[in-house]
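Have a look at the structure below before the remarks.
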Amino acid sequence: MSEEALRAIALQVRNWGRWGPDDELGTLNYITPERIAAACRLATTGKVFALGIPLDRNGPQSGTRQRFNPIHTMFRDGGDAPKTPAEVRAMEGYGGSDDWIVMPLQCVTQWDSLAHIFYEGKMYNGYDAALVTSSGAAKNSIDKTTSRLAGRGVLLDVARQKGVKALEPGYAITVADLEATAAAQRVEVLPGDILLVRTGHMSRYLDRNDWKHYDLDPFPGVSVHTAPWLHARQIAAIASDNYAVEVRPSEIAGFRNPFHVIAIPNMGLTLGEIFFLEDLAADCAADGRYAFLLVAPPLPVTRGVGTPINPYALK
């Protein structure tokens, strides 16, 4: 694929101005109150599937691009509990514990904001990249989406549809793959949907209980050529169980994440990465229901460009 072809797709799907010159939500505008209400009616059995991976030091980050795994420790613990009557009085009658965590906001299951990727010096809706400073994002920050990431979730289990536990590393998921999976699952992809694409890639690391090189190894993911399909179907957001949603190695030399370039600053499409989909996929295969209520709000990080999440799929 050439850089010229990449730019042609980017311009084809560009949504700048579609929801007005001040918009900072992009395709999340497709999630309307009516669609949320309809999604709520999909939760009929009370099943809840948590899609976030654990926040601990044994995680998927190897240090590339300065990302590290969460560091969790205590600043008040059982050793600080009051023991003598005088200490109990000083502590107002009881002891307790407190902790803190240090982590990049995009080191575990997470959403990318529309301020995360720039293209030709611009963010989504034409905002200048210079609006993201050391103080954070003045436009397109993740906190603008805190009430918008809930709706109809659809799992497209591409690996299962192809009869494998996991797609081969480097396999680029095509439009034909997405349509064949939806047809096999008898699920219709609708405007405003949040798509969860299962490649099975995470299962490799879960099976061996070792995240080593998860972020560095080649992995299956969506092709840049799926962008016009996602655009035409008015998809609100897309997430996957791999590291970056898209396939790696990159489909175009010189661009680490070409799908990111098309999706985030041009289409205004919110991307979710490192989603744990194994339990949800097994249940969907068992009951044949691949659509559900998905509730995945970001943390309200003021001026943030990403946020860790623990999404819920409710059936």
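Using the numbering used here, you'd call the opening residue of the sequence shown number 238 and step up by one each time. C-beta: ideal position from N, C-alpha, C; glycine also.
- For the pair aspartate 516 and phenylalanine 286, the CB atoms are nearer than the 7 Å cut-off.
- Bridge pairing for glutamine 347: Glu510 and Pro545 [DSSP].
- In this model, alanine 375 and glycine 289 are separated by some 28 Å (Cα to Cα).
- Contact annotation: the segment 324-331 does not touch the segment 360-367, with fewer than three C-beta pairs closer than 8 Å.
- In this structure, Pro457 is the residue among Pro457, Val250 and Arg470 with its C-alpha nearest to the C-alpha of asparagine 479.
- For threonine 321, there is no enclosing alpha helix (DSSP H), as DSSP gives it neither H nor E.
- Counted as a single uninterrupted DSSP element, the alpha helix (DSSP H) harbouring serine 440 occupies residues 438-444.
- Threonine 264 and glutamine 249 have their C-alpha atoms roughly 15 Å apart.
- The beta carbon of threonine 383 lies closer than 7 Å to those of Pro534, Pro535 and Pro537 in the same chain, with the five residues before and after it left out.
- When C-beta atoms of the segment 496-514 are compared with those of the segment 251-266, three or more pairs fall below 8 Å, so the two segments count as touching.
- Distance from the Cα of glycine 283 is smallest, within the candidate group Asn252, Glu416, Leu530 and Arg423, for Leu530.
- Taken in chain order, the whole alpha helix (DSSP H) runs of length 4 or more contained in the segment 385-421 are 395-398.
- Per the C-alpha coordinates, the member of Ala421, Ala403 and Gly407 positioned closest to alanine 413 is Ala421.
- Secondary structure note for phenylalanine 312: its beta strand (DSSP E) is the uninterrupted segment 308-313.
- Ranked by Cα distance from methionine 340, the options Arg485, Leu351, Ile472 and His309 are led by His309.
- Secondary structure at threonine 463: helix, using DSSP grouped into helix, strand and coil.
- For the pair valine 424 and tyrosine 527, the Cα-to-Cα distance works out to about 6 Å.
- Contact between aspartate 430 and arginine 389 is confirmed by a C-beta separation of about 5 Å, below the 8 Å threshold.
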